[in-house]
Amino acid sequence: MPAYERTDRYSTVAIWLHWTIALLVLVNIAVGLLHDPIPALRGWMAGHKAIGITVLVLTLGRIIWRITHPAPPLPADVPAAEKGLGHATHFAFYALLLAMPVTGWMMVSGSAKPGGLTWFGLFDIPYLSVSKATSGFGHAAHGVLGWLMLALVVLHVAGALRHHLILRNNVLARMAPAVRR
Ligand code: HEM
Ligand code: HEM
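Per UniProt numbering, the very first residue in the sequence shown carries number 1; after that it's consecutive.
#1: Would you list the residues sitting across from residue 118 in a DSSP beta bridge?
#2: So the candidates are 113, 52 and 21; which of them puts its Cα closest to the Cα of residue 120?
#3: DSSP three-state label for residue 170, please.
#4: With a threshold of 8 Å, are at least 3 pairs of Cβ atoms found where one atom belongs to the segment 86-100 and the other to the segment 142-151?
#5: For residue 89 and residue 82, what's the separation of their Cα atoms in angstroms?
#6: Could you check what DSSP says for residue 78 in three-state terms: helix, strand or coil?
#7: Which word fits residue 42, buried or exposed, when buried means at least 16 other C-beta atoms lie within 10 angstroms of its C-beta?
#8: Per the contact definition of three or more C-beta pairs closer than 8 Å, is the segment 164-171 in contact with the segment 67-79?
#9: If you follow the alpha helix (DSSP H) that residue 50 is part of, which residue opens it and which one closes it?
#10: Pick from 106, 173, 98 and 85: whose alpha carbon is nearest that of residue 155?
#11: Answer yes if the segment 30-40 comes into contact with the segment 122-134, meaning at least three C-beta pairs across the two stretches below 8 Å, and no otherwise.
#12: Please classify residue 57 as buried or exposed, where buried requires at least 16 neighbouring CB atoms within 10 angstroms.
#13: Would you say residue 36 touches ligand 1, meaning its beta carbon is less than 7 Å from a heavy atom?
#14: Can the beta-carbon of residue 24 be found closer than 8 Å to that of residue 55?
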């Protein structure tokens with residue numbers, strides 16, 4: 001008997017991790033992209049960093065959960081090419097959910113100052129030991145990957161809404177805490 005049951009829905013833990021991480025990532029993309037044009041958002045950058053480290057920790061937990069709890073099967077009539085696109089998007093998301101925080105962390109570690117990186121002021125987050133070049137690479141990668149992530153979110157949401165509103169199958173419902181189909 002496996003430690004989990006295969007049903008037509010994601011597990012409660014997977015659902016809550018998905019939506020918590022999604023919300024944190026959307027806030028971080030918005031604050032990251034808008035803190036330059038909107039000076040009022042600059043004070044939010046300490047929160048951006050703390051949220052990013054939180055996403056890193058939650059994602060590590062989420063990946064372990066995902067490996068030990070397979071996704072529920074997709075509806076049988078989803079074409080193989082669409083299944084492939086979905087899986088590729090999800091895989092790219094997991095890579096970005098790790099790469100965005102790590103490159104941000106690398107970037108700020110290039111100009112480390114005592115007490116400069118904290119988790120919402122509650123405790124210090126250590127800086128990484130990186131060279132100037134590595135920190136510069138982190139900065140460049142963080143900017144490019146941020147736009148890539150935004151593009152993936154648009155594709156992902158369009159896919160989810162297409163399943164729910166046009167194909168009218170259970171793909172969104174299986175990841176939603178409340179929606180049933
Ligand atoms: C979920 C994780 C994260 C996401 C989605 C995210 C997203 C972004 C985005 C989209 C930008 C704007 C990039 C640009 O146009 O240059 C940005 C900027 C920035 N991020 Fe993040 N970030 C994350 C985590 C982090 C972490 C963990 C740190 C540091 C510990 C960090 C530090 C920064 C800094 C300092 C900037 C400003 C860079 C500049 O103004 O040149 N980020 N972030
Ligand atoms: C930054 C935001 C988001 C990220 C990073 C994200 C990431 C992910 C990832 C990695 C998966 C794969 C789960 C697995 O391992 O099987 C997934 C599944 C899913 N997401 Fe998102 N998501 C985001 C936002 C959204 C939004 C806004 C919606 C709804 C409009 C949504 C709907 C879904 C659905 C329906 C699934 C299940 C798809 C399937 O089983 O093939 N996601 N998401």
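C-beta: ideal position from N, C-alpha, C; glycine also.
According to the structure shown:
#1: 124
#2: 52
#3: coil
#4: yes
#5: 11 Å
#6: Coil at residue 78, not helix or strand.
#7: exposed
#8: Yes, the segment 67-79 touches the segment 164-171.
#9: 45-68
#10: 85
#11: Pairwise C-beta distances place the segment 122-134 out of contact with the segment 30-40, as fewer than three of them are shorter than 8 Å.
#12: exposed
#13: yes
#14: Residue 55 sits close to residue 24, with the two beta carbons spaced by under 8 Å.
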